[in-house]
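Participant: Take this structure first; my questions come after.
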Amino acid sequence: MRKSARYAERAARLSITLGGVGTIIAVSLIFVFLFSVAVPLFGSAKLDVASVHAADKGDEQHEVLHGGVDEYGRLLWKLQDDGHLYLTTVAEGAEVAELDLAGAAGAPTAHAMEPGTERIVLGFGDGTARIGEIGVLSSLETEDEIPAGALATKGADGHCVFEEAFYEWLPTKGLVRVSRLNAALGEPIEVNPGVELQLVDRSQLAGGEEKLVAFSADGTLGVYSLRARRNLLTGETTYKVRTSQIPEAVTGDDARPSRLLLSGNGASAYLAWENGQVRHYDVRDMDAPKLIETVELTAGRAKLTAMDFLLGSTTLLVGDDHGTLRAWFPVRDDDGLTLVEAHEIDCLDDAITTIASSGRSRIVMVGDAAGRVAAVQVTTNEVLARSDARQPVQAAAISPKEDLAVAFGAQGSAVWQLDVAFPEATFGALFGKVWYEGYPEPGYTWQSTGGTDSFEPKLSLMPLIYGTLKATFYSMLFGAPIAILAAIYSSEFLAARTRASLKSLIEIMAGLPSVVLGFLAALVFAPFVQDNLLGVLLCFLCVPAVLLLLGQLLRFVPRTVELRLQGTPRLLIAVLSLPLGILLARALSAPVADGFFGGDLLAWLDGRVGGAAPGWTILLLPVFGVGAVIANRRFVEPRLREASVEWSRTRTAAAGLGIFLFLSLLTLLGAWIAGSLIAWMGGDLRSAGGLSPIGTYVQRSSLVVGFVMGFAIIPVIYTLSEDALSSVPNHLRLASFATGATRWQTAARVVVPTAASGIFSALMVGLGRAVGETMIVLMATGNTPVMEMNLFNGLRTLSANIAVELPEAVKDSTHYRTLFLAALTLFAMTFVVNTLAESVRQHFRKRAHQL
Amino acid sequence: MFTQNSKMEEELTPHSDPSGKLPARDPGTAATTGGTAPIGGVFEAISRGESFVTETHEELAAEDPVVGIEDFDLHYGATQALFGVSMCVPRGKVTALIGPSGCGKSTLLRSVNRMNDLIDGVQTDGKMTLNGDSIYGRKVDVIELRKRIGMVFQKPNPFPMSIYENVIYSLRIDGVRDKNLLDEVCELSLKGAGLWDEVKDRLNSNALRMSGGQQQRLCIARAIAAEPEVLLLDEPCSALDPIATGKIEDLIDQLRGHYSILMVTHNMQQASRTSDYTAFMYLGRLVEYGPTGEIFMQPKLRETEDYVTGRFG
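Quick note, the sequences are listed as chains A and B, same order. Residues 1 to 851, numbered by my numbering, are exactly what the first sequence covers, in order. Residues 852 to 1164, numbered by my numbering, are exactly what the second sequence covers, in order.
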């Protein structure tokens, strides 16, 4: 018997240990998994030398204008200033093809290439410009289809060069990828006949329109709009040209400008000089191009040595002779568009000679005159990696897949293996302010996906954390007082049997699937609140007011009747204040709307009608209310008590009612006067943003979330605080009653303080539930990642964000890992809150044991 | 007043009742459980359910009653706990209630400040007055009534707050804000409870850190802070060690004259040491009531003598 008992003891201990340790391990594993997915985000980028090629014969006299890498990272092309184009292999530097791009037109005098595309524009000495493209075209063919010569020259490493084409045998047997240079220029466009074009740029607008800006040797800056017309019969393309000159942009004596760029949307043209000055022209209107501003791009001190666009052709990247890279972009302000300097990155030491933007992200390859190169993430101000090209860099390129980086110089080209890691998601970008393109100032922005190729993911977790806390705050504001008061009521005032059934009823409430609550919130409650917003808001004022009023009126009832009313009748009277308050709110909503909110609360919230005073009044009302209560207790009540000793019951009640009405009126009046005063001084909560709780109304608002999520957390808080209150030893209550305390005094002075830590831990658990809640916020908030406390605006929480975006995130992408980081953040938040709750509860248990 | 939870009921039920059952049940069974030996005629009358007149000594007639009880009955639902109790609590004197477990001493005590109201299904009959005012009248506000009566429980039950706040609790709930008054009452009450010298330097420390005896004296200080017209002590020493008990007894001795005290005790020596008058109760009836010396030395009834000499009970 004894032995078997010992075995049972051991088996029990073992299984309990296993279960406990298993749980801990499971939770830890979740943490470790989230961590392991998220942590590579913070890995650093690498730039490893892959190959260096010597220049071909005769190249040294010619400068490289542009260069590029094909999609598969096998071929390099470069365009020299004599108009010759070379295609070589990456691995060996063997020449695949050579092409005289301009042909008879001779060497180009001006050139520009749009980042992230293959489109190029060249200007010539005869005043013509030609638009074209340079790229590598690849096709898949079977071994039977390729020329026999190519098959014969196939090298041991599985590729060969044959007749101006590059053949690469793929792992799939019999399949060969054939890559050829794909470069051609269009017909010459007469831009400034007979006058040499010195600078040129173009961009393609919506609807196929090409816009072109050109600076000619005679000092004219021209804007040209080209509409291609294709003759259906001959297949010939002709351009319809509209011209607009900005005369005397540069007069004869002025220094010649060195750079000209046209933004991708065709709105702004930038003409820059070597001294760092840039003229910003508005060229949206073809008939009246105008100068907007003149800006010093290099802070006046340094020489401008390179200028090019970042991907998207909106942000100007400016390199100076100190190796500093600056990013400027136009921001819309009151005067229209203004250039602002958003980023300044000290990336190199010598004069920057080339800036080459990647075609898929905001990474640029920067090279300097001393032969150093750097890969830079512009938005996050981060130099990802640096390396040495050992010769002055003339041009640079990043491969389309961002796996190779190339620098071209007089002595040939250098190729690096590039590993950019997750450049958009630095710690600073995830949790700090980042100045994104087109934004007026640095900020916290979450926008993970966008419609265009040049879209930049904005991955600040702050709006999501803010949204989570905001949703939690408003739902706690609504749910916590109700839950705690309900717990106090049921533990201190209700009979045991009623309490038990009420408790199980509320626990059933906890079992309601949150998706159902969210569904109701979004489809039933949100439209209702929108239609009856003022009425709903007035309920918060009217129901307590009616309750207090009923309490005052009850004092008129004779003593014997009052004693008989105790218990259930009194409860019924209290409950009566709910429908009465709602009816009152309903009746008041129309006159209040007319009197204070210009007849329409939604329009008022939007700032379209009415003044600022009501907003401040609403905000100040609770402050004045608390003030009135304190004043009443401090000054009025003791005096009334003294004076009323001799008074009749009715007289005392009348005095009480009078004081109540007077103080209520005083509160309203005081708040209104103070609110009007602040409004007069010029503050308006509606347009304040930030922490202002009032602002433009959207249907899926935090108000709805506060209600419905509050409803969801009530059961948790109620159950736990009811337990805490019930575990307060009964002898304390008896001691209080014996002293002549009422139930309410006993609850407020003895029971609640004793159970305070238990109630606190209940609140914390409710908080943890609200922080992690997903479906309600997902369905009822509109998921707008904004950072303002506006009660009437939406929000986006960490949890809802994960639910929405994880299905569409590419595995192991920056976005995917950032979502895991969001999950980790959420995990940490709920973990901290729950741990705090648990430790407080442990403390409480220890103390309760003392009693 | 709302109805009650079961926990409170337990709390109010005398802990000393070993069976945990309510006192005074059907007379027939009560006789067999209460005492088996052939005891005197009164017990037989009680066990037969006959009514009898309490043997009240004539000395009490000269006393000025604070609490007057006349023909008081009390029912817990279907069972009757008190049968026609009539007595007075003399002003400025200490009156002890003795009797075997479950005889209704504590029930009677708690009837005075209507703590029994907190229990479901309690019904009372008869008259009880406090300084001439009805206690069970229709117009009586029980909250106001309890403010006039102090009570100390078996187990020390200070609130988990500072010593200071504990003492002035009754004033706090009355809304007294005058700091000087509060300080004065606190000092006087603690002095009255013989606790001032021990705690005057740590009035703001938590009352739960005090020893059991100190806590009980703190409860007495809390009770007398409200200047009660009568002080009810419900076995105040049953949870204390002998030294603490001694201090409480000394304290009761000091309070004599200033306060009218009604106390329940299980300890016969305590009753004889501390009280001026003693009432002996048995199965819900008040059997004999007189000056303590007479009750213990020459009781008029043999049953009382049997009990005080420890022959049964």
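Just so you know, even glycine gets a beta-carbon here, dropped at the ideal spot from N, CA and C. Predicted model, so just to flag it, every value in this text is computed and none were measured.
1) Beta-carbon of H815(A) versus every beta-carbon of chain B: anything under 8 angstroms?
2) Note the first and the last residue of the continuous beta strand (DSSP E) segment covering S36(A).
3) Is the beta carbon of Q1066(B) closer than 8 angstroms to that of A1165(B)?
4) Between the C-alpha atoms of P440(A) and A342(A), what's the straight-line distance to the nearest angstrom?
5) How about T359(A) and P115(A): do their beta carbons lie closer than 8 angstroms?
6) I'd like the ranges of any alpha helix (DSSP H) spanning at least 4 consecutive residues and lying wholly in the segment 380-456 of chain A.
7) Looking at the strands, I want to know which residues DSSP matches up with A980(B).
8) Within the same chain, show all residues whose beta-carbon is closer than 7 angstroms to that of T883(B), passing over the 5 residues directly before and after it, in chain order.
9) For C160(A), which residues does DSSP report across the bridge?
10) What does N967(B) touch in chain A if you count any residue whose Cβ is under 7 angstroms from its own?
11) Would you verify that the beta carbon of K1151(B) is, or is not, closer than 8 angstroms to some beta carbon of chain A?
12) Beta-carbon of G919(B) versus every beta-carbon of chain A: anything under 8 angstroms?
13) Which one or two residues does DSSP pair with H731(A) in a beta bridge?
14) Taking a Cβ distance cut-off of 7 angstroms, strictly less, list which residues of the segment 1074-1092 of chain B are near chain A, in chain order.
15) Can you list, in chain order, the residues of its chain with a C-beta nearer than 7 angstroms to that of G950(B)? Leave out the 5 residues immediately preceding and following it.
16) Could you tell me which chain B residues have their CB closer than 7 angstroms to the CB of H843(A), listed as they occur along the chain?
17) Can you list, in chain order, the residues of the segment 733-761 of chain A whose Cβ is nearer than 8 angstroms to any Cβ on chain B?
18) For I717(A) versus L763(A), is the C-beta spacing smaller than 8 angstroms?
19) How would you list, in chain order, the residues of chain A whose beta-carbon sits under 7 angstroms from the beta-carbon of I994(B)?
20) Compute the beta-carbon to beta-carbon distance between T324(A) and E344(A), rounded to the nearest angstrom, for a pair I have assumed lies under 8 angstroms.
21) State the DSSP-derived secondary structure class of W616(A), mapped to helix, strand or coil.
22) As a quick exercise: from F473(A), K3(A), L580(A), K401(A), pick the residue whose alpha carbon is nearest that of L691(A).
23) DSSP on T324(A), reduced to helix/strand/coil?
24) Should P874(B) be flagged as near chain A, meaning a C-beta pair shorter than 8 angstroms?
25) In terms of residue numbering, what span does the alpha helix (DSSP H) encompassing K998(B) cover?
26) If the cut-off is 9 angstroms on Cβ atoms, which residues from the segment 628-650 of chain A count as contacting chain B, listed in chain order?
27) Using beta-carbon positions only, say whether M787(A) and Y444(A) come within less than 8 angstroms of one another.
28) Looking at the secondary structure, which residues open and close the beta strand (DSSP E) in which V366(A) lies?
29) Does any residue of chain B bring its CB to less than 8 angstroms from the CB of T719(A)?
30) Whose Cβ in chain B lies nearer than 7 angstroms to the Cβ of R559(A)?
31) Is there contact between the segment 743-760 of chain A and the segment 503-523 of chain A, where contact requires at least three CB pairs shorter than 8 angstroms?
32) Name the chain B residues that come within less than 8 angstroms of H731(A), Cβ to Cβ?
33) Determine the direct distance from the alpha carbon of V728(A) to that of Q842(A), and round the result to whole angstroms.
34) Given this structure, state the Cα-to-Cα distance separating K978(B) from S962(B), to the nearest angstrom.
35) Give me the chain A residues within the contact set of S1021(B), using Cβ-Cβ distance strictly less than 9 angstroms, ordered along the chain.
36) Tell me where the beta strand (DSSP E) around F1131(B) begins and ends.
Facilitator: Well, looking at it:
1) Numbered from 1 along the first sequence, position 815 holds the residue referred to as residue 815(A). No, because no Cβ of chain B sits closer than 8 angstroms to the Cβ of H815(A).
2) On the first sequence, position 36 is the one that residue 36(A) refers to. From DSSP, S36(A) is part of no beta strand (DSSP E) but of the alpha helix (DSSP H) over 2-38.
3) Here chain B has residues from 852 to 1164 only, and residue 1165(B) is not among them.
4) Reading the first sequence from its first residue, position 440 is the one you call residue 440(A). Reading the first sequence from its first residue, position 342 is the one you call residue 342(A). So the two alpha carbons sit approximately 9 angstroms from each other.
5) Here residue 359(A) refers to the residue found at position 359 when the first sequence is read from its first residue. Here residue 115(A) refers to the residue found at position 115 when the first sequence is read from its first residue. One point to set straight first is that residue 359(A) is Gly, not Thr, in the sequence displayed. Result yes, Cβ atoms of G359(A) and P115(A) sit closer than 8 angstroms.
6) 427-431
7) One-based indexing of the second sequence puts residue 980(B) at position 129. A small fix is needed here, since residue 980(B) is Thr in this sequence, not Ala. Partner(s): G919(B), S985(B).
8) Stepping through the second sequence from its first residue, residue 883(B) is reached at position 32. Low per-residue confidence applies at T883(B): pLDDT is 36, beneath 50, and the placement is therefore not dependable, though the value from the model is reported in the following sentence. Answer for T883(B): no residue qualifies.
9) Numbered from 1 along the first sequence, position 160 holds the residue referred to as residue 160(A). Looking at the DSSP assignment, C160(A) forms a beta bridge with Y167(A).
10) On the second sequence, position 116 is the one that residue 967(B) refers to. None at all; the shortest Cβ gap to chain A is about 11 angstroms.
11) Taking the first residue of the second sequence as position 1, residue 1151(B) is located at position 300. Output row for K1151(B): interface = no.
12) The residue given as residue 919(B) occupies position 68 in the second sequence. It does not; no Cβ of chain A falls within 8 angstroms.
13) As a working note, residue 731(A) is residue 731 in the first sequence. DSSP output for H731(A) lists no bridge partner at all.
14) A1077
15) To locate residue 950(B), count along the second sequence from 1; it is residue 99. Counting only Cβ-Cβ distances below 7 angstroms, and skipping sequence neighbours, we find K956, F1131, M1132, Y1133.
16) Locating residue 843(A) in the first sequence gives position 843, where the first residue counts as 1. Residues of chain B passing the Cβ test: none, with the nearest at roughly 13 angstroms.
17) R733, L734, A735, S736, F737, A738, T739, G740, A741, T742, R743, Q745, R749, V750, P753, T754
18) Here residue 717(A) refers to the residue found at position 717 of the first sequence. Here residue 763(A) refers to the residue found at position 763 of the first sequence. For I717(A) and L763(A), yes; Cβs fall inside 8 angstroms.
19) Within the second sequence, the letter at position 143 stands for residue 994(B). Think of a sphere of 7 angstroms around the beta carbon of I994(B): the chain A residues whose beta carbon falls inside it are G740, T742, in chain order.
20) The sequence position of residue 324(A) within the first sequence is 324, counting from 1. The sequence position of residue 344(A) within the first sequence is 344, counting from 1. The Cβ separation is near 6 angstroms, so the contact holds.
21) Numbered from its first residue, the first sequence carries residue 616(A) at position 616. In the three-state scheme derived from DSSP, where H, G and I count as helix and E and B as strand, W616(A) is classed as helix.
22) Here residue 691(A) corresponds to residue number 691 of the first sequence, with the count starting at 1. In terms of Cα proximity to L691(A), the closest of F473(A), K3(A), L580(A), K401(A) is F473(A).
23) Counting from one through the first sequence, the residue named residue 324(A) turns up at place 324. Note: T324(A) maps to strand in three-state DSSP.
24) Position 23 of the second sequence, counted from the start, is the residue given in the question as residue 874(B). Any reading at P874(B) must be qualified, since the residue scores a pLDDT of 40, below 50, and its modelled position is unreliable; no value is offered.
25) Residue numbering aside, residue 998(B) sits at position 147 when the second sequence is read from its first letter. Counting along the chain, the alpha helix (DSSP H) containing K998(B) begins and ends at 993-998.
26) R633, R634, E637, P638, R641
27) The sequence position of residue 787(A) within the first sequence is 787, counting from 1. The sequence position of residue 444(A) within the first sequence is 444, counting from 1. Yes. Within cutoff.
28) The residue you call residue 366(A) lines up with position 366 of the first sequence. 363-368 is the span of the beta strand (DSSP E), which, as asked, contains V366(A).
29) Within the first sequence, residue 719(A) is the residue found at index 719, counting from 1. Not one chain B Cβ lies under 8 angstroms of T719(A).
30) For the purposes of this step, residue 559(A) is taken as the residue at position 559 of the first sequence. By Cβ distance, chain B contributes K990.
31) no
32) In the first sequence, counting from the first residue as 1, residue 731(A) sits at position 731. Neighbours of H731(A) on chain B, chain order: E862, F1004, K1006, N1008.
33) Taking the first sequence and counting its residues from 1, one reaches residue 842(A) at position 842. Taking the first sequence and counting its residues from 1, one reaches residue 728(A) at position 728. For Q842(A) and V728(A), the distance between alpha carbons rounds to 15 angstroms.
34) If you number the second sequence from 1, residue 978(B) lands on position 127. If you number the second sequence from 1, residue 962(B) lands on position 111. Straight-line Cα distance between these residues: approximately 11 angstroms.
35) Against the second sequence, residue 1021(B) aligns to sequence position 170. In chain order: T739, G740, A741.
36) Sequence index remark: in the second sequence, residue 1131(B) carries index 280 (1-based). Run containing F1131(B): 1128-1133, per the beta strand (DSSP E) assignment.
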